[in-house]
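*Asks:* Residue numbers (our numbering): 45 to 486. Glycine residues also receive a C-beta, built at the ideal position from the N, C-alpha and C atoms.
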Amino acid sequence: MTTRKTRTTNTTSTTKPDGFTIGVGFRKTYPRTELAKWDPSLRTRDPLQILKSAEGERLPELMPLKYQRMSASPFGFFRGAAPVMAYDLSLSANTGVITQLCGDAHVQNLGAYSGPDGRLVFDINDFDETVRGPFEWDIKRMATSMLLAGNDAGVRKTACNAAAAVFLTSYCDLMRQLAGMPILEVARYQVHRLGSIAPISKILLNAQRATPVHTLERLTEPYKTKRRFRSQPPLLRRVTGNEAQAVLASLIGFRQSLIPARQHFFGQFTPVDIAFKVVGTGSVGLRDYVIYMAGNGPGDPLFLQIKQEAASVYAEYLRKHTELRENQGQRTAEGQQAMQFQSDPLLGWTTLDGRDYLVRQLNDHKASVDITGLKASDLSQYAAVCGEILARGHARAGDARIIAGYIGGGKRFTAAILEFAALYAAQSVSDWKLLVSQPKLT
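1) Which ranges does the beta strand (DSSP E) cover as unbroken runs of at least 3 residues, wholly within the segment 147-232, from first to last along the chain?
2) Mapping the DSSP letters down to three states, classify residue 273 as helix, strand or coil.
3) Give the DSSP bridge partners of residue 74, in chain order.
4) Is the segment 183-201 close to the segment 422-437, with three or more CB pairs under 8 Å?
5) Just verifying my parser: in three-state terms, what is the DSSP assignment at residue 303?
6) Where does residue 343 fall in DSSP's three states?
7) With distances taken from CA atoms, which of 387, 310, 178, 252 is nearest residue 362?
8) If you draw a straight line from the alpha carbon of residue 340 to that of residue 301, how long is it in whole angstroms?
9) Which of the three DSSP states is assigned to residue 419 in this structure?
10) At the level of alpha carbons, what is the spacing between residue 70 and residue 216?
11) Look up residue 262 in the DSSP assignment and say whether it is helix, strand or coil.
12) Classify residue 438: buried if its beta carbon has 16 or more other beta carbons within 10 angstroms, exposed otherwise.
13) So the beta strand (DSSP E) residue 311 belongs to, where does it begin and stop?
14) Residue 394 and residue 294: beta carbons closer than 8 Å?
15) Would residue 152 and residue 412 be called neighbours here (beta carbons separated by less than 8 Å)?
16) How is residue 334 classed by DSSP in three states: helix, strand or coil?
17) Is the distance from the Cβ of residue 371 to the Cβ of residue 400 below 8 Å?
18) Can you tell me where the beta strand (DSSP E) with residue 82 in it begins and where it stops?
19) Under the criterion of a Cβ to heavy atom distance below 7 Å, does residue 249 qualify as lining the ligand GDP?
20) Please name the residue, chosen from 107, 127, 145, 85, that lies closest to residue 379 on a Cα-to-Cα basis.
21) Using the beta-carbon count (16 or more within 10 Å), is residue 317 buried or exposed?
22) Shortest alpha-carbon distance to residue 136 belongs to which of 155, 196, 108, 181?
23) Taking Cβ positions, are residue 451 and residue 196 nearer each other than 8 Å?
24) To the nearest angstrom, how far is it from the Cα of residue 174 to the Cα of residue 273?
25) Determine the contact status of residue 328 and residue 322, defining contact as a CB-CB distance below 8 Å.
26) Taking only the alpha-carbon atoms, compute the straight-line gap between residue 422 and residue 121 and give it to the nearest angstrom.
27) What's the gap between the Cα of residue 269 and the Cα of residue 336?
28) State buried or exposed for residue 97, treating a residue as buried only when at least 16 other CB atoms are found within 10 Å of its CB.
29) Below 8 Å on the Cβ atoms is my guess for residue 248 versus residue 238; work out the distance and round it to an integer in Å.
30) Per DSSP, residue 393 forms a beta bridge with which residues?
31) Kindly list the residues whose CB is nearer than 6 Å to the CB of residue 134, restricted to its own chain and excluding five residues on each side of it in sequence; keep chain order.
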């Protein structure tokens, strides 16, 4: 009798290290103390040169307005100088801990808007620069903005520093909490107590008033039997003829970017009028159209924003982490959906005259913080929410366990980021002064 040998198969897979351990390991290649460093001598390009080269195909007639807005204050400069900070961040090594970046994290890039169920949501607003990259880049930008925005508001330096510390502590605390939660609970996590925080309760109140009907009254005027956009050059001008037809044609591609249920509802609105609109600070010079549409009668308006999207200013420095998208509007929409708890139900993308565009609702219950009236206590409370919102976005689109593992207890991480923020805020003031000294630009 022949005895057959039994083949044995090792079914035990190699156990992967847990995320927290992986995060701790990243400290060996990039210690947390390294996060504090900023060395302007590493620059080989002038900041104004970087801004000029980033103009790309922006409309040249609008560039003086962009630089005028940037020259208003150091924080105004900072808002429009994302290309400069992207370059500066690329000059040094990074943690290697990757998540989806907002790309333009600052105190005025959070606000309220209407979610799919009609309830108000408070979250990050704009994602023009979104890309996958080192998580600390968003944190460095937000912390720096606390110092610059607080200074603009007349808040004392010590209080600005304290607010930045509150932001960082809030981020670290929530990230550790999220790291221990079931993954689907992370996706569903909501930031609570927003209505009890003075600056945010005011934002929510303003957002309640910012209805489509309010936008109708603010941006349009009666004309014959209908309404049309009110001309306010150069900030708002009506679009007609071939340009208007091209904008309307782009709605076909936009509709296809929506899920079927939302295609159905969008299809029940009819375009009434079109305008070109100047928005923001960093976006000035890019093409931006708004379409006034009517649904169930004149009392049911819808305003769509069709906003040109260029490549993220971080893309050239993060090629190995960046999944290339044929459409930059798609990149923006997908990054937004990855980080936000809830997104605009009509968020999509299209192309127009060979350029890429993001499409979303304009001013549907949207509102953001007014920094001019912020007190020290307001800034501190607001900073805590900024930390939670950014932590949630990074955890949703990345791995909270790895980020929490790198951060650790938070003291070293917080101290290092605070040191960087102070150095980079001073650098931004210096760069702002350089811009103001160039009358040809402003």
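*Replies:* Working from what's here:
1) 154-158, 164-168, 175-178
2) To locate residue 273, count along the sequence shown from 1; it is residue 229. If DSSP states are grouped into helix, strand and coil, residue 273 belongs with the strands.
3) To locate residue 74, count along the sequence shown from 1; it is residue 30. Per DSSP, none; premise fails for residue 74.
4) yes
5) Along the sequence shown, read from residue 1 onward, the residue named residue 303 stands at position 259. The DSSP-derived three-state label of residue 303 is coil.
6) Taking the sequence shown and counting its residues from 1, one reaches residue 343 at position 299. In the three-state reduction of the DSSP assignment, residue 343 falls in the strand class.
7) Here residue 362 corresponds to residue number 318 of the sequence shown, with the count starting at 1. Per the Cα distances, 178.
8) By one-based count along the sequence shown, residue 340 stands at place 296. By one-based count along the sequence shown, residue 301 stands at place 257. In a straight line, the C-alpha of residue 340 is about 23 Å away from that of residue 301.
9) Translated into positions along the sequence shown, residue 419 becomes position 375. Residue state, collapsed to three classes: coil.
10) Locating residue 70 in the sequence shown gives position 26, counting from the first residue. Locating residue 216 in the sequence shown gives position 172, counting from the first residue. Taking the straight line from one Cα to the other gives about 17 Å.
11) In the sequence shown, counting from the first residue as 1, residue 262 sits at position 218. Helix.
12) One-based indexing of the sequence shown puts residue 438 at position 394. Residue 438 should be labelled buried.
13) Against the sequence shown, residue 311 aligns to sequence position 267. According to the DSSP assignment, residue 311 belongs to no beta strand (DSSP E), since it is labelled neither H nor E.
14) For the purposes of this step, residue 394 is taken as the residue at position 350 of the sequence shown. For the purposes of this step, residue 294 is taken as the residue at position 250 of the sequence shown. Cβ distance < 8 Å, so residue 394 and residue 294 count as in contact.
15) Numbered from its first residue, the sequence shown carries residue 152 at position 108. Numbered from its first residue, the sequence shown carries residue 412 at position 368. Contact: yes.
16) Numbered from its first residue, the sequence shown carries residue 334 at position 290. Strand, per DSSP.
17) The residue you call residue 371 lines up with position 327 of the sequence shown. The residue you call residue 400 lines up with position 356 of the sequence shown. The answer is yes: Cβ separation under 8 Å.
18) Working through the sequence shown from its first residue, we reach residue 82 at position 38. Where residue 82 is concerned, there is no enclosing beta strand (DSSP E), given that its DSSP letter is neither H nor E.
19) Of ligands this structure carries none, so the ligand GDP is not represented either.
20) Residue numbering aside, residue 379 sits at position 335 when the sequence shown is read from its first letter. Minimum Cα distance to residue 379 is reached at 145.
21) Taking the sequence shown and counting its residues from 1, one reaches residue 317 at position 273. Counting every other CB atom within 10 Å of its CB across the protein chains shown gives residue 317 a total of 16 or more, marking it as buried.
22) In the sequence shown, the residue the question calls residue 136 occupies position 92. Taking only the C-alpha atoms, the option nearest residue 136 is 181.
23) Counted from its first residue, the sequence shown places residue 451 at position 407. Counted from its first residue, the sequence shown places residue 196 at position 152. No, the Cβ-Cβ distance between residue 451 and residue 196 is not below 8 Å.
24) Along the sequence shown, read from residue 1 onward, the residue named residue 174 stands at position 130. Along the sequence shown, read from residue 1 onward, the residue named residue 273 stands at position 229. Rounded to the nearest angstrom, the two C-alpha atoms are 31 Å apart.
25) Numbered from its first residue, the sequence shown carries residue 328 at position 284. Numbered from its first residue, the sequence shown carries residue 322 at position 278. It is a contact, given that the beta carbons lie within the stated cut-off.
26) The residue labelled residue 422 in the question sits at position 378 within the sequence shown. The residue labelled residue 121 in the question sits at position 77 within the sequence shown. Spanning the two alpha carbons is a distance of roughly 23 Å.
27) By one-based count along the sequence shown, residue 269 stands at place 225. By one-based count along the sequence shown, residue 336 stands at place 292. Spanning the two alpha carbons is a distance of roughly 15 Å.
28) Position 53 of the sequence shown, counted from the first residue, corresponds to residue 97. Label assigned to residue 97: exposed.
29) If you number the sequence shown from 1, residue 248 lands on position 204. If you number the sequence shown from 1, residue 238 lands on position 194. Confirmed, Cβ separation roughly 7 Å.
30) Sequence index remark: in the sequence shown, residue 393 carries index 349 (1-based). In the DSSP output, where bridge partners are listed per residue, residue 393 has 402.
31) Here the question's residue 134 lines up with position 90 in the sequence shown. Taken in chain order, the residues that qualify are 361.
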